[in-house]
Every structure is written in structure tokens, then in C-alpha cells.
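For reference, the structure discussed in these notes is given below.
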Ligand SMILES: Nc1ncnc2c1ncn2[C@@H]1O[C@H](COP(=O)(O)OP(=O)(O)OP(=O)(O)O)[C@@H](O)[C@H]1O
Ligand SMILES: [Mg+2]
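In the numbering used here, the protein residues as written are 13 to 357.
Here it is in C-alpha cells:
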């Protein structure tokens, strides 16, 4: 056999592909928060402004990383997706930090403090494209960076910085911030409320505290909650609970509009899928049922543990993964059988 040849990917083209995976600003930020929560942070500050330059900084008070841990964290695909993760680990692929960041910016700097030691590393996409190699840089002037002074005062934690943000529109950046606040208050609402006996997560965007938004309006007496159902699948338990939100006659106009969300009631009906207490997908019937005006108040809560990842083939193409949709169909069919007809809701 002829000698095998190494044909490495063209870095610039590969990076361009990675940048177009389809993250929105708020979804990318939520990926960073997953990492902070997994690192046991209970305080996360975000600072993001459009002027003079667009910049985004996120500081957590999690366990932080040593220099060698940080270098490994910067590697693409640093973890094996088939490996079992701790119950509270929201990650899976060892990619999110990089792919989420690259979807928004061309310069990703991570500064982390652990056991009193501060380490910093940076991916500069222009630099690696020019050199056609994955050269990881060690930035020198970090002291003046946003939120660095705060990190310096903490015992441990991690600061993520995005520079050269070329995907957000500077002119209407306040809209990005509005969408970010709404998205975080929804997808992390359980962490913001406090889970079990753990301290509730404190999350700030430009010093404003983010309040939890529970999409089921659970505290309103007119909300109808049906019985919790449990399905055993692949040795794990999936929990399902349908809700019918209060009719507008039972709510003030303000409250009715709040629960309509940005998308409105019709688009917000359907399944709300939580993995490890974090909302992954919401407001969809996965093709099992049409979004109807008559069912606009129906929201079905589904909880899956992260131990089912391998079976569910969870991927960053989550929305499109056909295997996964099969599982959802399975859940849907089960519901269908249990309740005779989904029309009843
Ligand atoms: N804020 C943080 N604090 C401490 N460690 C972190 C932080 N962010 C990332 N890491 C470390 O870097 C690793 C890589 O993060 P990354 O988001 O790329 O992948 P992941 O979270 O393992 O999986 P996924 O691709 O599903 O996000 C993490 O597994 C974790 O060890
Ligand atoms: Mg991650």
C-alpha cells in the first residue's frame, strides 16, 4: 500500500463552516452559561455594549480552570460525546464554548482563575486562518479587559470575552440585549428560581438582574395542571406534564401578554423540553400536531435526564436530527395513546 497522506482541512474554510452552524446571539450566550452552571457558578455577570466597539464579556464564579485545563478547554471537540457525564453537567461535545463563540466573534479570549493562579488563552480566527494552523495565543494585556478587575478579586472563576463581533448589528444592539434577557429568563428559569436546596443562580446583564420566567404560569389558580406521567425509556425516566394556561378573561392584559411571549400564544404552544433542568427546545409539536388557535394555551412540560444523550443522539443539529424526532414521536405517540386524542387539549 502506498504511504498514507495527511490531508488536513483548510483551516479558513473549516472555520467559516463552523461559524455558520446557526446560533443566534442569545443561544450562543446560553451555551456559555451552561458551562458556568456546570462549573458550579451561582453568580454570572454579563457586560455587553455596542459602543465604541461591540464587546461581550461574561464572568462567572465557578470552579475555574488551571492553565492546562484551560488549554484543553480551548481544544475543539475536547470531550467524547459518548462518555457518561455527571448528572448536573449541561455539556456533551466539548465544542460549545468554541462553536458558540465563533458564531458571534472572531476573537475568543478565556481568562480563568483557580487556586489563586490566573491563566489566559485566545483563539484569533484571522490569525489561525492566515497561518492555516490552530495556533492558540496567550494574550499579554489582559488587565484592562472588561470584568477582569472583578475576576481578580474573586477566589476562582472564568471570564469569557468576545471581540470582533461581526454578526450582531451595532445599530439595533438593544434588540439583541432584549432578546437575550428574555431567552435567559426562560431557558434557565429553574436555576434562577433555585433547584432543590441549592442557592438560586444570580444572573446579571449589564448590572440588571434577570428574573425567572416560568412558561406554565404555575402559581395562577386558573392554570390547569394535569397529572405527571412517567415513561421508562432506555433505562431512564422521562417525566411529562401537560398544562393549560389561564383563559385571557382570568388574567390582566399585562399578565396575558407576558405569557404570550415574544412569539405569541399560537407559536408558543406545544412541548417544552428540559434536559438537566435547562430548557432545550420549546413551543413545538415536532410535527405531531398542527399549531392551532384552539390549542394555543396548551404547553407540555417534558423532562429528560442527560443520561439519555446517547440514545437521543443529541447534537448541535438538535432541531433537525431525524433520530431524535423519532424519539419525540415516541413520546408523542405515548401521550396520544394515554389521552386517546391530542385534540382533547
Ligand atoms: N466557565 C467555565 N468554567 C470552568 N470550566 C469551563 C468553563 N467553560 C468551559 N469549561 C471547560 O471547558 C470544557 C469545554 O467546554 P465546551 O463548552 O467547549 O464543551 P462542553 O461543555 O464539554 O460540551 P458542549 O459542546 O456540549 O458544550 C468543559 O467541558 C469544561 O471542562
Ligand atoms: Mg459547553
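Even glycine gets a Cβ: it sits at the ideal position worked out from N, Cα and C.
CA-CA distance, residue i and residue j?
i	j	result
residue 134	residue 120	6 Å
residue 267	residue 213	24 Å
residue 232	residue 177	41 Å
residue 327	residue 33	No answer about residue 327 holds up, because its pLDDT of 34 lies below 50 and its placement is not dependable.
residue 115	residue 40	7 Å
residue 175	residue 148	16 Å
residue 60	residue 17	45 Å
residue 12	residue 303	Lying outside 13 to 357, the shown extent of the chain, residue 12 is not represented and no answer is given.
residue 80	residue 202	33 Å
residue 27	residue 144	10 Å
residue 66	residue 180	8 Å
residue 216	residue 30	29 Å
residue 300	residue 280	15 Å
residue 226	residue 21	44 Å
residue 42	residue 259	31 Å
residue 54	residue 166	13 Å
residue 4	residue 128	This structure does not reach residue 4, given that the chain is present from 13 up to 357, and the question cannot be answered.
residue 222	residue 206	13 Å
residue 14	residue 146	28 Å
residue 117	residue 247	41 Å
residue 329	residue 292	Caution is warranted here: a pLDDT of 33 is assigned to residue 329, below 50, making its placement in the model unreliable, and no coordinate value can be reported.
residue 197	residue 188	14 Å
residue 282	residue 297	5 Å
residue 317	residue 63	41 Å
residue 130	residue 154	10 Å
Cβ-heavy atom distance between residue i and ligand 2 below 7 Å?
i	result
residue 136	no
residue 289	no
residue 103	yes
residue 109	yes
residue 46	yes
residue 72	no
residue 178	no
residue 190	no
residue 11	Lying before the first or after the last residue shown, residue 11 is absent from the chain, which here runs from 13 to 357.
How many whole angstroms separate the CB atoms of residue i and residue j, which I take to be in contact at a CB cut-off of 8 Å?
i	j	result
residue 23	residue 140	6 Å
residue 290	residue 230	Wrong, their Cβ atoms sit about 18 Å apart, outside the cutoff.
residue 5	residue 69	Residue 5 is absent from the structure shown; the chain starts at 13 and stops at 357.
residue 242	residue 277	In fact, because the Cβ distance is near 28 Å, the residues do not count as touching under 8 Å.
residue 125	residue 74	Not really, about 10 Å apart at Cβ, beyond 8 Å.
residue 156	residue 71	Wrong, their Cβ atoms sit about 15 Å apart, outside the cutoff.
residue 313	residue 255	7 Å
residue 44	residue 112	6 Å
residue 123	residue 171	4 Å
residue 235	residue 257	6 Å
Tell me the DSSP bridge mates of residue i?
i	result
residue 27	Residue 27 is not bridged to any residue.
residue 126	129
residue 149	134
residue 313	253 and 284
residue 294	284
residue 117	177
residue 169	125
residue 55	214
Closer than 7 Å to a non-hydrogen atom of ligand 1 - does that hold for the CB of residue i?
i	result
residue 34	no
residue 150	no
residue 222	no
residue 75	yes
residue 106	yes
residue 98	no
residue 9	The chain is shown only over 13 to 357; residue 9 falls outside these bounds and no answer can be derived.
residue 170	yes
residue 85	yes
residue 51	yes
Requested in this report: Tell me the start and end of each unbroken alpha helix (DSSP H) in the region 198 to 270 that is at least 4 residues and wholly inside, in chain order.
Outcome: 201 to 205
Query raised in the report: Hey, which unbroken runs of the alpha helix (DSSP H) at 4 residues or more fall wholly within the region 60 to 114?
Result: Listed in chain order, the complete alpha helix (DSSP H) runs (minimum 4 residues) inside the region 60 to 114 are 79 to 86 and 108 to 114.
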